């Protein structure tokens, strides 16, 4: 099971990474904090201090247009904010 799906690269998370050593990931919805910690440590070779998780539900929307009703939906996902040990960092931009 692949626990880490992709890193989150936004302005807010990038600033948190520079100041507070916190990095964001989209993770598998069934993964718990211990599994997320192990996956980040194994993948990036850093020591994880703290893990916070958030579940985001799917959002549905309906638009009424001339052509009729259009139904849409966003995917549900789980986000993890991982805090690494002081002095360590994760570089998402390296091409290694």
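Residue numbers (our numbering): 900 to 995.
A virtual CB, placed ideally from N, CA and C, is assigned to each residue, including glycine.
Quick caveat: nothing in here was measured; it's all calculated off a predicted structure.
Tell me whether residue 975 sits in a helix, a strand or coil according to DSSP, three-state version.
-> Locating residue 975 in the chain shown gives position 76, counting from the first residue. Coil.
Which value, in whole angstroms, describes the spacing of the CA atoms of residue 914 and residue 941?
-> Along the chain shown, one-based indexing puts residue 914 at 15. Along the chain shown, one-based indexing puts residue 941 at 42. Cα atoms of residue 914 and residue 941: separation of roughly 24 angstroms, rounded to the nearest angstrom.
Please determine, among 964, 963, 924 and 975, the residue with the shortest C-alpha to C-alpha distance to residue 982.
-> Residue mapping note: residue 982 aligns to position 83 of the chain shown, counting from 1. Residue 982 has its Cα closest to that of 924, out of 964, 963, 924 and 975.
Per DSSP, what kind of secondary structure is residue 922 in: helix, strand or coil?
-> To locate residue 922, count along the chain shown from 1; it is residue 23. Residue 922 falls in the strand class under three-state DSSP.
Would residue 907 pass as a contact of residue 930 if the rule is Cβ separation under 8 angstroms?
-> In the chain shown, the residue the question calls residue 907 occupies position 8. In the chain shown, the residue the question calls residue 930 occupies position 31. No, they are not a contact pair.
Can you tell me the Cα-Cα spacing of residue 980 and residue 951, whole angstroms?
-> Against the chain shown, residue 980 aligns to sequence position 81. Against the chain shown, residue 951 aligns to sequence position 52. If you take the alpha carbons of residue 980 and residue 951, they lie about 5 angstroms apart.
Can you give the Cα-Cα distance for residue 904 and residue 910, rounded to whole angstroms?
-> Numbered from its first residue, the chain shown carries residue 904 at position 5. Numbered from its first residue, the chain shown carries residue 910 at position 11. So the two alpha carbons sit approximately 19 angstroms from each other.
Just checking my contact of residue 943 with residue 912 at CB under 8 angstroms: how many whole Å lie between their CB atoms?
-> For the purposes of this step, residue 943 is identified with residue 44 of the chain shown, where counting begins at 1. For the purposes of this step, residue 912 is identified with residue 13 of the chain shown, where counting begins at 1. About 15 angstroms separates the CB atoms of residue 943 and residue 912; that is not less than 8 angstroms, and the two are not in contact.
Assuming residue 926 contacts residue 987 (C-beta within less than 8 angstroms), just tell me the rounded distance between them.
-> The count along the chain shown starts at 1 and reaches residue 926 at position 27. The count along the chain shown starts at 1 and reaches residue 987 at position 88. No, residue 926 and residue 987 are not in contact; Cβ-Cβ is about 20 angstroms, not under 8 angstroms.
Residues sharing a beta bridge with residue 943, DSSP | If you number the chain shown from 1, residue 943 lands on position 44. None, per the DSSP bridge assignment.
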